[in-house]
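Scroll down for the structure; my scribbles are underneath it.
Chains as they are written, first to last, in my numbering: chain A, 642 to 959; chain B, 28 to 237.
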């Protein structure tokens with residue numbers, strides 16, 4: 642599957658957002674009706690309402706021309722170990738999370754350190770929609786229309802110093818509402834990190850919404866990272882701290898199992914997880930007879946990001 | 028006597044239906060599209076869980092007989108054991124037919140990178156001769172060796188646990204639960220065998236002393 646990118650696409654070839662959405666919604670509605678007729682109950686879950694808060698957010702660059710995964714699947718199949726290791730129970734448990742007001746602390750190697758209100762950050766950085774593939778290290782994937790803005794825009798406005806070579810992100814630590822943080826399944830709080838060039842890459846997003854609406858809590862509200870060419874665990878949720886630093890930051894899964902989860906965690910079908918293959922992936926929302934999809938190097942974003950890793954042994958720096 | 032026989036049949040029929048219930052539930056959820064975002068994974072987990080549960084149940088019938096002093100638990104052992112094999116076969120079929128879509132090239136490429144599949148397959152291979160020799164006829168023909176052969180179920184149980192531990196990403200609570208259960212059942216078996224041996228030795232001593 643090809644993902645269109647830096648090449649300019651003639652305006653005539655781009656499907657207008659409203660047209661694209663209405664077509665998608667029509668197809669889903671038709672499929673729903675047909676399936677309901679056949680199986681009486683298929684897709685009987687709540688249908689996601691059209692015309693959300695971010696319905697008018699324009700489509701940004703790098704969006705993949707791909708069929709988007711059904712909202713209900715994306716919203717009810719989440720790895721959020723702060724709440725539970727069960728991908729469906731997180732929807733219910735995350736309801737208790739207070740997401741407004743929200744502030745993000747910026748520290749380390751930047752001129753503009755401080756505590757920023759999320760509202761202000763969202764005002765300063767215009768939102769856009771990006772349809773990205775999302776590939777989990779557990780070998781499943783989906784296609785999601787995220788609403789956010791490039792992380793690089795924020796970092797530039799913070800004026801990093803010359804010593805800012807890495808960025809570390811930290812998730813909210815609040816064990817009274819995050820029951821998973823009362824267990825030792827991972828070291829809390831969850832931390833993740835990127836090299837500065839990865840963080841500044843135009844594909845890397847800070848995300849606050851999806852499917853025209855604010856992020857559901859279980860999907861990382863109110864602010865999460867999305868790095869589409871890396872395994873999903875890099876795309877940290879509920880960010881409260883961004884720290885620029887000179888040394889490579891610690892990351893939660895790497896600390897938990899260093900042999901299994903590296904700092905880079907780039908999607909790569911030829912570098913298996915020590916316990917399972919990464920050659921193929923199960924695309925969410927298929928039927929039981931839908932074959933798995935072949936996983937692509939850098940999740941299909943090679944054209945944009947392969948140069949970041951030129952000369953690096955991807956088996957060693959996994 | 029006749030009433031006892033009819034009663035036995037009714038009980039056996041009821042247990043048979045009960046053992047099929049998880050399969051019917053799976054079938055209904057599949058037909059109604061109630062398997063969630065990742066239906067093949069759901070089928071994998073549910074058939075795997077039921078295989079382990081039936082394996083534990085099979086192993087629990089002998090202790091149940093000893094502890095209750097009743098003979099009836101052993102009468103269902105063949106059926107429950109065969110249902111273990113039935114759910115293990117479904118689990119295998121989900122892998123080959125649905126997860127890998129019968130793509131042998133894909134299986135060939137992925138299996139060396141996914142060792143827990145090999146361990147699961149080994150467990151299944153150990154269960155197969157047990158299912159094949161489960162008839163009364165084979166039991167008679169194999170005599171004392173039948174018992175030896177069928178103690179392979181403990182090997183299959185340990186491999187199934189290894190299979191489970193190896194595939195879990197981080198939260199080991201479920202495989203740990205089954206491990207404790209199976210170790211308890213295995214421990215019971217070992218203790219029983221030891222007690223039996225001691226009894227034989229003691230009676231031999233008594234004879235010698237006399």
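The beta-carbon is built from N, C-alpha and C at its ideal position, and this holds for glycine as well. Keep in mind it's a predicted model, so treat the numbers as computed, not measured.
If you draw a straight line from the alpha carbon of residue 126/B to that of residue 113/B, how long is it in whole angstroms?
Looking at the two C-alpha atoms, the distance is approximately 18 Å.
Within the 9 Å Cβ cut-off, does residue 879/A reach chain B?
Chain B contact via Cβ: absent.
CA nearest to the CA of residue 731/A, picked from 806/A, 819/A and 769/A:
819/A
Taking residue 141/B and residue 108/B to be in contact with their CB atoms under 8 Å, please state how far apart those CB atoms are, rounded to whole angstroms.
Not confirmed; about 28 Å, so no contact.
Output needed for residue 735/A: all residues of its chain with C-beta closer than 7 Å, excluding positions within five of it in sequence on either side, in chain order.
721, 724, 858 and 859
Can you list, in chain order, the residues of the segment 45-67 of chain B whose Cβ is nearer than 8 Å to any Cβ on chain A?
57, 58, 59, 60, 61, 62, 63, 64, 65, 66 and 67
Using only the alpha-carbon positions, how far apart do residue 862/A and residue 810/A sit?
15 Å
Within 9 Å (strictly less), CB to CB, does residue 732/A reach chain B?
no
Using a beta-carbon distance cut-off of less than 7 Å, what residues from the segment 899-921 of chain A approach chain B?
913, 916, 917, 918, 920 and 921
Taking the C-alpha atoms as reference points, what is the distance between residue 173/B and residue 138/B?
Looking at the two C-alpha atoms, the distance is approximately 33 Å.
Here's the rule: buried if 16 or more other CB atoms are within 10 angstroms of the residue's CB, otherwise exposed. What is residue 729/A?
exposed
Buried or exposed for residue 896/A, please, with buried defined as at least 16 other CB atoms from any protein chain shown within 10 angstroms of its CB.
exposed
Give the residues of chain A in contact with residue 193/B, contact being defined as C-beta atoms less than 7 Å apart.
Simply 916.
So that I know if they touch, is there some Cβ in chain A lying closer than 9 Å to that of residue 76/B?
With 9 Å as the cut-off, residue 76/B does not count as an interface residue toward chain A.
Residue-chain proximity (residue 723/A, chain B), Cβ-Cβ < 9 Å
no
Can you give me the Cβ contacts of residue 87/B inside the same chain, cut-off strictly under 7 Å, excluding the 5 residues immediately before and after it?
212
Checking contacts by CB at 9 Å: is residue 203/B closer than that to chain A?
no
Tell me where the alpha helix (DSSP H) around residue 849/A begins and ends.
Run containing residue 849/A: none in the alpha helix (DSSP H); it sits in the beta strand (DSSP E), 846-851.
Return the residues of the segment 760-794 of chain A that lie within a Cβ-Cβ distance of less than 7 Å from chain B, sorted by chain order.
779 and 781
With DSSP as the reference, please indicate the residues paired to residue 903/A in a beta bridge.
Paired residue(s): none; residue 903/A is not in a bridge.
Considering only their Cβ atoms, is the gap separating residue 920/A from residue 136/B smaller than 9 Å?
Contact flag set, yes.
Can you tell me whether residue 111/B is buried or exposed, with buried defined as 16 or more other CB within 10 angstroms of its CB?
buried
Report the option in 54/B, 97/B, 106/B and 62/B whose CA atom is closest to the CA atom of residue 43/B.
106/B
Cβ pair count under 8 Å reaching 3, the segment 822-831 of chain A against the segment 747-754 of chain A
Contact between the segment 822-831 of chain A and the segment 747-754 of chain A is absent, because fewer than three Cβ pairs lie under 8 Å.
With DSSP as the reference, label residue 97/B as helix, strand or coil.
Residue state, collapsed to three classes: coil.
Only counting the same chain, and skipping five residues up and downstream in sequence, which positions put a Cβ closer than 6 Å to that of residue 748/A?
Cβ neighbours of residue 748/A beyond the five flanking positions: 754 and 884.
Taking Cβ-Cβ distances below 9 Å as the criterion, which residues of the segment 826-854 of chain A are in contact with chain B?
826 and 827
Pull the bridge partners of residue 119/B from the DSSP assignment, please.
Its beta-bridge partners do not exist; DSSP assigns none.
Find out if the Cβ-Cβ distance for the pair residue 78/B, residue 187/B is shorter than 9 Å.
yes
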